[in-house]
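First up is the structure itself, then whatever we jot down about it.
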Amino acid sequence: MLLLDHISITVPRLDEARPFYDAVMDALGASKVYDREDALGYGERCRAGDAGHTYLSVFASPQAGSDARRHWCFKAPSRSAVDRFHAAGLAHGGRDDGAPGLRPHYHPHYYAAFLLDPCGNRIEAVCHDPE
Numbered sequence: 037m038l039l040l041d042h043i044s045i046t047v048p049r050l051d052e053a054r055p056f057y058d059a060v061m062d063a064l065g066a067s068k069v070y071d072r073e074d075a076l077g078y079g080e081r082c083r084a085g086d087a088g089h090t091y092l093s094v095f096a097s098p099q100a101g102s103d104a105r106r107h108w109c110f111k112a113p114s115r116s117a118v119d120r121f122h123a124a125g126l127a128h129g130g131r132d133d134g135a136p137g138l139r140p141h142y143h144p145h146y147y148a149a150f151l152l153d154p155c156g157n158r159i160e161a162v163c164h165d166p167e
């Protein structure tokens, strides 16, 4: 069972965030489902009626601010997808906040990478499968 239906975040500069999210979502296999002047959407759906699928919305908001406690984690289909997520983020304006690797303090197969997006949001990709 997926616990998340959708995630909506805000960034102060959508044009700055767009290349970053295009790259990291592509690395995880998430399709861009919409690209508007005020918002981006990635995932498996673009309408609320498609309730069996999840998505991420990135909205432009001049009031958006950085809060180190904000953290989103995306499921990756493989460890190599986690690696691609991290590399894509760094290549598109993100900052490293934890290189790809095992985090055995969570569980023996927890393979993750952490990034700060260009606006300061902390995002993670994780694969729970053994190698």
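Under this note's numbering, the residues of the sequence shown are numbered 37 to 167, in order. In this text, a Cβ means the ideal position worked out from N, Cα and C, and glycines have one as well. No experiment lies behind these values; they were computed from the predicted model shown.
- One Cα belongs to A96, the other to A75, and the distance between them is close to 6 Å.
- By the CB criterion at 8 Å, H128 and A59 fall inside the cutoff.
- Separation of L152 and H145 (C-alpha to C-alpha, rounded to the nearest whole angstrom) is 23 Å.
- Contact annotation, R115 with E80: C-beta distance approximately 22 Å; criterion of less than 8 Å not satisfied.
- Following the DSSP letters along the chain, one finds Y57 inside the alpha helix (DSSP H) bounded by residues 50 to 63.
- G65 counts as exposed, since fewer than 16 other beta carbons sit within 10 angstroms of its beta carbon.
- For the pair C109 and E160, the CB atoms are nearer than the 8 Å cut-off.
- Here S114 carries a coil assignment [DSSP, helix/strand/coil].
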